[in-house]
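Below is one structure, written out as structure tokens; comments come after it.
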Amino acid sequence: MKVPFAGAIDCDLHPLMPSATALLPYLDEYWRDQLVNRHIDRYSFVLTSYPPYSPLSARPDWRQASGLPAGDIDAIRRHALDPFGTRLAICNVLHGAVALFNEDMAAALCAAVNDWTAKELLDREPRLRASILLPAHNPALALREIERLAPDRRFVQVLLLAMGEMLLGRRTYWPIYAAAEKHGLAIGIHAGSTYHHAPTPSGWPAHRVEDYVAQSAAFESQLLSFLTEGVFQKFPALKLVLIESGVTWLPTLLWRTNKTWRGVRPEVPWIDRPPAELLREHVRLTLQPLDVPRGDPQRFARVLDHVGSDRMLLFSTDYPHWHFDGEDVLPDGLTDDTLRRFMIDNPLETYPRLRDGTVADHAVLRDNASASQEHVR
Amino acid sequence: MNVPFRHAGASQQLMIVDCDIHPAYRTPADLHPFLPARWREHMTTFGEHLRQGLSGQLAWPRMMAAGMRLDAFPEAGPPGSDLELMRRQHLDANGVEYGMLMQLSRGGMEERNLDFAAALSRAVNDWQLEKWVRPEPRLRAGIVVPQEDAAFAVSEIERRANDPAFVQILISPRASDPLGHRRYWPIYEAAQRCRRPIALHVQGYSGGHASTGSGWPTYYMQEHYATTTGMQNTVTSLVFEGVFERFPDLKVVLIEGGFTWVPSLCWRMDKHWQRMRKETPDLKRPPSEYVRDHCWFTTQPIEEPEVPAHLADVISWLGWDRVMFSTDYPHWDFDHPQQAFKFELSEEQRCKVFRDNAKALYGLT
Amino acid sequence: MSRQVVARASEVVPGTSKIVTVKGRDIGIFNIDGSYFALANRCPHAGGPLCSGRIVPLAMSDGPGHYRLARHQEFLRCPWHGWEFDIRTGQSWCDPHSTWARQFAVTIESGAELVKGPYVAETFAVSVEEDYLVIELTG
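Chains as they are written, first to last, in our numbering: chain C, 1 to 377; chain R, 1001 to 1365; chain X, 2001 to 2139.
Take a look at the structure:
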């Protein structure tokens, strides 16, 4: 179904990535020199996870004339913001620098991408917010990037990939979480892989669709990592957002972690509450792609019962990835109250920085939402 | 409130099929009589050659008593090594009419030396027959084969095909390639030809890859869970590589990998297959239909939702004819037949899950 | 309510347990620092023989990477799934409000006040000064 009222906060939007040439002004002279003379600037830094012409990567009506995914500022307004009455949208620029093994080059390019994002997107469109792309495989460099950008409160989240060098709950990464918690930044884990490991325990699937399906298992593994390593005990204010993860696999994980914990608790004695409780408190998931069967609205409502919380879902379009047609972004069968929770309340609660200067706006948002049912066509 | 114990009534005197029992060697030398001299010596001198850092133990130490029920230790040998105790404590006590043996170790599935793997495979299959199935008619064996050597695996399957003591074919779901890879297809062809299901029991031994797509877990609590995500990946591979399209009579049993994730995975596969169909033109049907027609799932370790009835929802989405009861005796996360389900099953559901689905799949009367 | 002699007090020294059968029910008797507790030998999780599990301390933590033991000899770990039960209260540590083992009251009685029961004949033969453990059953 379509969005029934205005004011949504879109928690996953993919602007068109800057070309390497467009990033040159944001690099220091050493890296400019490297990129140009080594012809690195002729590469597009597209992640294997998102081949540009693959159907998943963009809807047909969300592509440029060339066939490449759209996503410049005008397209974002026209395709992603206006049709859904979106009030705020969080940009996740999935630049392939994170897959480079050279940590310094990765860090330099991530910084350039983040600066480009601030100038070319955030400065130009007040509805946009962004995630800080991090070179996660060097936590010290990632930490430096967080500290550098934290003062710009339009950055609301740090961005990591679902399959990287190590499971993200590992203590090696804790400086990142300490900084994020300190600055009120959410931890965003986005679907995608650096492919520094095989995507599955028995190696490398043949097809792209298999790798994409396997993303949900990757998110499950990451949740187990955050949970068992005690990240939620060490950083009690942290919020983890699983972006483009799918949703309906969650009840199995909540049930199973509770069950296993009761038997293995002494191995991880810092877990002092049932895992499902911890996960409901700390973890959020974006809506798209919504993995429910078509034509059975009760099914999704039942899955939400199994999840046992209405706080965990965050509205998203995942523009321009192709997960729905037209403006049919929402599942059928949900009440306006539930939708308001997914579209407005949960995102505001999850991303403290979205509330900056919006305390009054939040009330306005809710008033507008209940008053103007006819706003969105 | 404690979930009330359900007292044994007439309907609970149902004789059950247990789809996952683990026999064990009293000592590794138990296999020696079944190995040729050359391989006896190899086993003593060089031992198994596995893809892990520790010899003879796993790098995520188990909880409890090395992962076993504390009350399942016989006087001599590890849990599962004493048939008398297994009979008394489990087969007799729990009304097991048929029990499916899952011998996961030293059968060659994880052995890097393929000649040794072949010898181990033959030995383990002979051992199952002589030590377990012949003395105990309630038990059934699985043809354990090293999936990395498809040619040998096919020969071993054919060697055992006429013996009804073997009801299925065991390979590791943690193989060196995803199981849909066509180098494993001769095994599926042999399975289809001799009308035995492929049995995929979760494995502790690596086939060469980390147990997650982002590297290795730290804790056993994670590694335990990784068995379920691995099974999801395995089902995905079998579907999208077209194994079920190519082998329309093939049946696959997923053991100890959980099952409540199945409906969600099917919805997810269907959704993305719809979008990406051009990539896999050999698939004529939605993924969920292949799973529906070709896959069975054992129940242990059963999920324990906060609201027990939620489990009933999931099974109804998956299909009451697709789940088969298992205990995993003698492991620590054993499911007791009378306690595993915390909600009331109908008589029909009980008969299907605890007996009829397995009897139909394995051709037992 | 009935009271049943089940063992000599001296048979269950601190830090140990003994399983006895009372009216067809298996009951485990535990001694924590000289106080006696009795739990049904049936784990409320899945019916396992709870009282034959190990008596264990509680593993606790002040944060990830920190480990310490507390409440030594006060917890019972079910021999099946490893759930931890507080011997004093029967409560499951992980799920205290909704899962607990059935408890029975245990008292020590001197020999002269014993009720007749299968154990009595033997102890009478030994000494009337011995202390005995008595289980109270309701119903």
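Every residue gets a Cβ at the ideal spot worked out from N, C-alpha and C, and that includes glycine.
- Ranking R:Asp1328, R:Ala1358, R:Ser1346, R:Tyr1362 by CA distance to the CA of histidine 1090 of chain R puts R:Asp1328 first.
- In the three-state scheme derived from DSSP, where H, G and I count as helix and E and B as strand, glutamate 1289 of chain R is classed as helix.
- Note that the C-beta distance between methionine 1221 of chain R and threonine 172 of chain C is not below 7 Å.
- Within chain X, the C-beta atoms nearer than 7 Å to that of arginine 1069 of chain R come from Pro2079, Trp2080, in chain order.
- The Cβ-Cβ distance between glycine 192 of chain C and leucine 13 of chain C does not fall below 7 Å.
- The Cβ atoms of glutamate 220 of chain C and leucine 253 of chain C sit closer than 7 Å to each other.
- Pairing proline 83 of chain C with proline 320 of chain C gives a Cβ-Cβ distance that is not under 7 Å.
- Under the Cβ criterion (8 Å, minimum of three pairs), the stretch 268 to 280 of chain C does not count as touching the stretch 1254 to 1261 of chain R.
- The continuous alpha helix (DSSP H) containing glycine 263 of chain C extends over residues 250 to 264.
- In the three-state scheme derived from DSSP, where H, G and I count as helix and E and B as strand, leucine 56 of chain C is classed as helix.
- Around the C-beta of phenylalanine 101 of chain C, fewer than 16 other C-beta atoms lie within 10 Å, and the residue is accordingly described as exposed.
- By alpha-carbon distance to leucine 1200 of chain R, the top candidate from R:Asn1233, R:Thr1212, R:Ser1214, R:Met1043 is R:Asn1233.
- Contact annotation for tyrosine 212 of chain C against chain R: His1272 [CB-CB distance below 7 Å, chain order].
- Shown in chain order are the members of the stretch 1327 to 1360 of chain R whose Cβ falls below 9 Å from a Cβ of chain X: Trp1332, Asp1333, Phe1334, Asp1335, His1336, Gln1338, Gln1339, Ala1340.
- In terms of Cβ geometry, histidine 282 of chain C and phenylalanine 232 of chain C form a close pair [threshold 7 Å].
- For methionine 1064 of chain R, the nearest beta carbon of chain X is closer than 7 Å to its own beta carbon.
- Glutamine 1338 of chain R sits in coil when the DSSP states are folded into three classes, being neither helix nor strand.
- Secondary structure remark: continuous alpha helix (DSSP H) runs of at least 4 residues inside the stretch 1013 to 1057 of chain R, in chain order: 1037 to 1045.
- Contact annotation: valine 1314 of chain R and threonine 1260 of chain R have beta-carbon atoms nearer than 7 Å.
- The closest CA to that of proline 331 of chain C, considering only C:Gly169, C:Ala99, C:Asp291, is found on C:Asp291.
- Annotation for tryptophan 2083 of chain X: His2045, Ser2092 place their beta carbon closer than 6 Å to its own, counting only its chain and skipping 5 residues before and after.
- Taking 3 residues as the minimum length, the beta strand (DSSP E) runs contained wholly in the stretch 2039 to 2103 of chain X are 2054 to 2060, 2068 to 2077, 2084 to 2086, in order along the chain.
- For the stretch 2071 to 2100 of chain X, residues whose beta-carbon sits nearer than 8 Å to a beta-carbon of chain C comprise His2081, Gly2082, Trp2083, Glu2084, Ser2092, Trp2093, Cys2094, Asp2095.
- For arginine 256 of chain C, no Cβ of chain X is located within less than 7 Å of the residue's own Cβ.
- When only Cα atoms are considered, alanine 1076 of chain R and aspartate 1082 of chain R end up about 8 Å apart.
- The residues Ser1288, in chain order, have a CB closer than 8 Å to that of tryptophan 1267 of chain R in the same chain once the five nearest residues on each side in sequence are set aside.
- Nothing from the stretch 24 to 44 of chain C brings a Cβ to less than 7 Å from some Cβ of chain X.
- At the C-beta level, leucine 314 of chain C and cysteine 110 of chain C stay beyond 7 Å of one another.
- Within the stretch 106 to 161 of chain C, the alpha helix (DSSP H) runs of at least 4 residues that lie entirely inside it are, in chain order, 139 to 149.
- In summary, the residues of the stretch 2046 to 2063 of chain X whose CB is separated from some CB of chain R by less than 9 Å are Ala2046, Gly2047, Gly2048, Pro2049, Ser2052, Gly2053, Arg2054, in the order they occur in the chain.
- Contact between glycine 333 of chain C and glutamine 298 of chain C holds: CB atoms are separated by about 6 Å, below the 8 Å threshold.
- Between valine 1323 of chain R and valine 1353 of chain R the beta-carbon gap is near 6 Å, inside 8 Å, which marks them as a contact.
- In the DSSP assignment, leucine 314 of chain C is bridged to C:Thr286.
- For the stretch 68 to 80 of chain C, no residue has a beta-carbon sitting nearer than 7 Å to a beta-carbon of chain R.
- If you check the CB distance, tyrosine 2036 of chain X and valine 2106 of chain X come in under 7 Å.
- Ranked by how close their Cα comes to the Cα of tryptophan 1320 of chain R, the residues R:Arg1350, R:His1294, R:Val1291 have R:Arg1350 in first place.
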